[in-house]
Amino acid sequence: MLEVKTLDKPDERRDFPRGHLEAVHMTDLDFAVATFEPGWRWSESVAPIAGTDSCQVHHNAYVARGRMRIRMDDGAESEVGPGDVFVCPPGHDAWVVGDEQCVMYDFQGQTAREYAKKG
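Following my numbering from start to finish, the sequence shown increments by one per residue and tops out at 137.
Structure, rendered in structure tokens:
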């Protein structure tokens with residue numbers, strides 16, 4: 019079955035402090051566009067909503083704009099920016115780097131279903 023949806027009319031919008039997520043839900047894919055404002059940090063903006071000490075969502079993502087630093091629970095760290103594609107397993111904190119909004123496309127269904135929802 020062919021499915022086509024537009025992000026101009028997302029199925030869902032989820033707001034959280036200093037950011038929001040817009041998602042379309044399809045049979046084999048939930049696709050999310052996440053926008054993070056300068057000063058956003060997962061442990062401050064989303065942890066109170068998720069009820070976990072670190073992000074427990076797996077991300078397969080592409081960075082369209084801005085920069086973000088990711089720190090895994092084991093201490094490993096990396097920074098991602100425009101044009102970067104990354105895979106990030108559960109167990110991390112992340113924060114916007116600099117004064118520019120960070121926009122990411124997440125192709126992992128788990129993000130659109132679970133991110134920033136009360137746990």
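For every residue, glycine included, the Cβ atom is placed at its ideal position computed from N, Cα and C.
**OP:** Quick one: which unbroken beta strand (DSSP E) runs of 3-plus residues sit fully inside the region 76-100? Chain order, please.
**Re:** 77-83, 85-90, 95-98, all fully within the region 76-100.
**OP:** Could you tell me the distance, in whole angstroms, from the CA atom of residue 92 to the CA atom of residue 32?
**Re:** On the sequence shown, position 74 is the one that residue 92 refers to. On the sequence shown, position 14 is the one that residue 32 refers to. Rounded to whole angstroms, the separation of the alpha carbons of residue 32 and residue 92 is 29 Å.
Original post:
For the alpha helix (DSSP H) that contains residue 154, what are its first and last residues?
Top reply: Residue 154 is absent from the model: the chain starts at 19 and stops at 137.
Original post:
To which residues does DSSP link residue 122 through a beta bridge?
Top reply: As a first step, residue 122 is located in the sequence shown; it is residue number 104 there, counting from the start. The partner list for residue 122 (beta bridge, DSSP) reads 52, 81.
Subject >> Integer-rounded CB distance, given that residue 123 should sit under 8 Å from residue 51 >> reply: Within the sequence shown, numbered from 1, the residue matching residue 51 stands at position 33. Within the sequence shown, numbered from 1, the residue matching residue 123 stands at position 105. Between residue 123 and residue 51 the Cβ distance is about 6 Å, and since that is below 8 Å, they are a contact.
Original post:
How close, in whole Å, do the beta carbons of residue 87 and residue 112 come, if the pair is a contact with beta carbons under 8 Å?
Top reply: In the sequence shown, the residue the question calls residue 87 occupies position 69. In the sequence shown, the residue the question calls residue 112 occupies position 94. Contact between residue 87 and residue 112 holds, since their C-beta atoms are separated by about 7 Å, short of 8 Å.
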